[in-house]
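Chemist:
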Amino acid sequence: MLANYFFDQGSISKLQTFFINVHHLAIVCDPPFGVFMDALMQTIKNLKEKFLATGG
Numbered sequence: 861m862l863a864n865y866f867f868d869q870g871s872i873s874k875l876q877t878f879f880i881n882v883h884h885l886a887i888v889c890d891p892p893f894g895v896f897m898d899a900l901m902q903t904i905k906n907l908k909e910k911f912l913a914t915g916g
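Taken in order, the sequence shown gives residues 861 to 916; the numbers are from my numbering.
(1) Buried or exposed for F893, going by 16 or more other Cβ atoms inside 10 Å?
(2) Going along the chain, which residues of its own chain have a beta-carbon closer than 7 Å to the beta-carbon of Q902, five neighbours each way excluded?
(3) Can you tell which of M897, L885, F867 and D890 has the C-alpha that lies nearest to the C-alpha of T914?
(4) Is it buried or exposed for F878, if we count other Cβ within 10 angstroms and need 16 for buried?
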């Protein structure tokens, strides 16, 4: 989750389709001990931007 990387290119389109089909989104995280919070927050920010770009 911290890398914001998709191993399968098809996963990107699946995520975009999911974002298009939902009207509200909540992300709940239970990060592992010792995770860098800045990296986690950057990933969440990127997901938020992708969600908003799809009209969410």
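From the three backbone atoms N, C-alpha and C, an ideal C-beta is built for every residue, glycine too.
Modeler: The answer reads as follows:
(1) exposed
(2) none
(3) L885
(4) exposed
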